[in-house]
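Using our numbering, the first residue of the sequence shown is number 44, and each one after it goes up by one. Read through the structure below, which is laid out as structure tokens, and then see the notes.
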Amino acid sequence: MRPAGGVRLFTVVIGAWLLAATAAAEAPLPDLPDIPSFENRPTVLTPVDQIERFFDAGQRLWESGEHELAERYFSAALRLNTPVRQKRGLLLNLADHYQEAGELAKAAAVLERFASEFPRDADLPATYLRLGALYRTIGAPKLAISKYYQVLNATIAAGPEIVTAHTRLAHQARLAMADIHLELGDLTSAARLYQRISRLDLEPADRERVAFRTGLLHYRHGNWPQAIADLREFLASHPRSEYRPEAAYLLTRSLHQAGRRSEALETVYTLLRREPPATGPLGESHLYWKQRAGNELANHFYEGGDFTTALALYQGLARLDPRPRWQWPAIYQIGLCFERLGLPDRASAAYREILKPSSAPVDPDALDDHLRSLRQMARWRLDHLAWSDDFQKRLQVLLHPN
Numbered sequence: 044m045r046p047a048g049g050v051r052l053f054t055v056v057i058g059a060w061l062l063a064a065t066a067a068a069e070a071p072l073p074d075l076p077d078i079p080s081f082e083n084r085p086t087v088l089t090p091v092d093q094i095e096r097f098f099d100a101g102q103r104l105w106e107s108g109e110h111e112l113a114e115r116y117f118s119a120a121l122r123l124n125t126p127v128r129q130k131r132g133l134l135l136n137l138a139d140h141y142q143e144a145g146e147l148a149k150a151a152a153v154l155e156r157f158a159s160e161f162p163r164d165a166d167l168p169a170t171y172l173r174l175g176a177l178y179r180t181i182g183a184p185k186l187a188i189s190k191y192y193q194v195l196n197a198t199i200a201a202g203p204e205i206v207t208a209h210t211r212l213a214h215q216a217r218l219a220m221a222d223i224h225l226e227l228g229d230l231t232s233a234a235r236l237y238q239r240i241s242r243l244d245l246e247p248a249d250r251e252r253v254a255f256r257t258g259l260l261h262y263r264h265g266n267w268p269q270a271i272a273d274l275r276e277f278l279a280s281h282p283r284s285e286y287r288p289e290a291a292y293l294l295t296r297s298l299h300q301a302g303r304r305s306e307a308l309e310t311v312y313t314l315l316r317r318e319p320p321a322t323g324p325l326g327e328s329h330l331y332w333k334q335r336a337g338n339e340l341a342n343h344f345y346e347g348g349d350f351t352t353a354l355a356l357y358q359g360l361a362r363l364d365p366r367p368r369w370q371w372p373a374i375y376q377i378g379l380c381f382e383r384l385g386l387p388d389r390a391s392a393a394y395r396e397i398l399k400p401s402s403a404p405v406d407p408d409a410l411d412d413h414l415r416s417l418r419q420m421a422r423w424r425l426d427h428l429a430w431s432d433d434f435q436k437r438l439q440v441l442l443h444p445n
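Structure follows, in structure tokens:
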């Protein structure tokens, strides 16, 4: 694959950093700090000992927050006149340090050097896979794809005796390429890759991911009948999947877009009422997709004048999360639905729920602008309903004095 302009530019940036790091290493280093592990070593150190001593010094400095000085020791270790193979561990450890510190471009630069100096290393496919993930995170998807292709090439070049060990790496590279094409909106390439991947002998987790992404692909394509079929099959086959809430949301949207409103509504009710609770990040994901699916469909029915159906959905949404940032907007919409249905007393009760002290955080200043605005609107609606009720009573007295 020939690099695109952005890929060449990014490669130049990485190369420039490597040159800068080498130049910085030319400056005199301060005395090495005392390293307990070297107290009983011979006075004359072997090249391997020298590399280890520089690296240990750099690592101690890195851990103390002196990253710039630590980098000079790391670079000095790499410049020692020793066989390249002895620097293998140093490069991988240095890449780990940069990645853990969030300096992803530097981590990528070190791994590129590793791939260049160890072209036959058994870990080369894993290194290319890691590079692909780094470039993807940095925001260089085309460069990431080129690295994923190198995973496949390195796996083939490894020879039949270890190809099996690298098969999963190759599958992960193919999946990542398909995902990138989907994210970039290249649906044709993504569909072709997912179709090829689905024919491979995949691990259960990878097969689950492909099944979900295939449904997502048809949803993005606007192929509603196929999206509905794929997503329903996915939900039936993977009842515990982490993708299940999003798949239910996509199914709801697909049914709605296909004009199958009653089925969309039933899917949302199932999502709101029957999905098993979860905690932690997975629980937050479940909650997010439940709220998004329910809120979008409820808004649609409200805007279409079906206030009874909208009310039922908003009531289900209000029970999902007791935090004001979520519950108050749902309760406010419940109040509006009651108003439209001619039930002012129940609408007033909804607005008072937002205004009562026990429904707010202990510190009023903790309310953000949106929540403060929502309370003001609830107060205004409540005052309006009180005025309207008083007006009707006065009007009745005028019209029917006896």
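Don't be surprised by glycine CBs; every beta carbon is placed ideally from N, CA and C. Here the structure is a predicted model, which is why all the values come from computation and not from measurement.
About 7 Å separates the CB atoms of W369 and Q334; that is less than 8 Å, so the two are in contact.
Residue state for R275 is assigned as helix, using DSSP reduced to three classes. DSSP, reduced to helix, strand and coil, places L340 within a helical segment of the structure shown. The beta-carbon distance between Y357 and A421, rounded to whole angstroms, is 14 Å. This is too long to meet the 8 Å contact definition. Per DSSP, the unbroken alpha helix (DSSP H) holding S241 starts and ends at 230 to 241. Nearest Cα to R389 within the set R424, D411, P367: R424. If you draw a straight line from the Cα of P168 to the Cα of V194, it is about 5 Å long. Note on geometry: alpha-carbon atoms of G302 and A353 lie some 17 Å from one another.
In the three-state reduction of the DSSP assignment, S280 falls in the helix class. At a Cβ-Cβ threshold of 7 Å, H209 and L230 do not count as neighbours.
Ranked by Cα distance from P365, the options L104, A270, F344, I397 are led by I397.
The three-state reading of DSSP puts A187 in helix, counting H, G and I together. Residue state for G108 is assigned as coil, using DSSP reduced to three classes. Within the same chain, and ignoring the five residues on either side of E306 in sequence, the residues whose Cβ sits closer than 7 Å to its Cβ are L298. At the C-beta level, D244 and H261 stay beyond 7 Å of one another. In this structure, the beta-carbon distance from I181 to L147 falls below 7 Å. When the beta-carbon positions are compared, G132 and A113 stay at least 7 Å from each other.
Straight-line measurement puts the Cα of E109 at about 56 Å from the Cα of W267.
If you draw a 10 Å sphere on the C-beta of A429, you find fewer than 16 other C-beta atoms in it, and that means exposed. Minimum Cα-Cα distance from R122 among the listed residues I94, L135, A138, A144 corresponds to I94. Around the beta carbon of E346, a 10 Å sphere encloses fewer than 16 other beta carbons of the protein chains shown; the residue is thus reported as exposed.
One Cα belongs to Y312, the other to A336, and the distance between them is close to 10 Å. Burial of R173 is indicated by the presence of at least 16 other C-beta atoms within 10 angstroms of its C-beta.
By the neighbour-count criterion, in which a residue is buried when 16 or more other Cβ atoms sit within 10 angstroms of its Cβ, H140 is buried. Contact between A291 and L278 holds: CB atoms are separated by about 6 Å, below the 8 Å threshold. When DSSP states are grouped into helix, strand and coil, R256 belongs to the helix group. Excluding residues up to 5 positions away in sequence, R217, M220, A221, H224 lie with their Cβ nearer than 8 Å to the Cβ of L236 in the same chain. The residue from K130, G378, V253, Q215 with its alpha-carbon nearest to that of Y286 is V253.
Per the coordinates, the alpha-carbon of A361 lies some 41 Å from the alpha-carbon of A183.
DSSP places F350 in the uninterrupted alpha helix (DSSP H) bounded by 350 to 361. Excluding its 5 nearest sequence neighbours in each direction, L154 has C-beta neighbours in its own chain below 7 Å: A138, T170, R173, L174, listed in chain order. DSSP, read as helix, strand or coil, puts F161 in coil.
Assignment of A144 by DSSP, reduced to helix, strand and coil, places it in the coil class. Looking at the backbone, the Cα of L330 and that of A233 are separated by about 29 Å. Here DSSP, grouped into helix, strand and coil, assigns A301 to coil. Cβ-Cβ separation between H214 and D249: approximately 6 Å, consistent with a contact (criterion under 8 Å).
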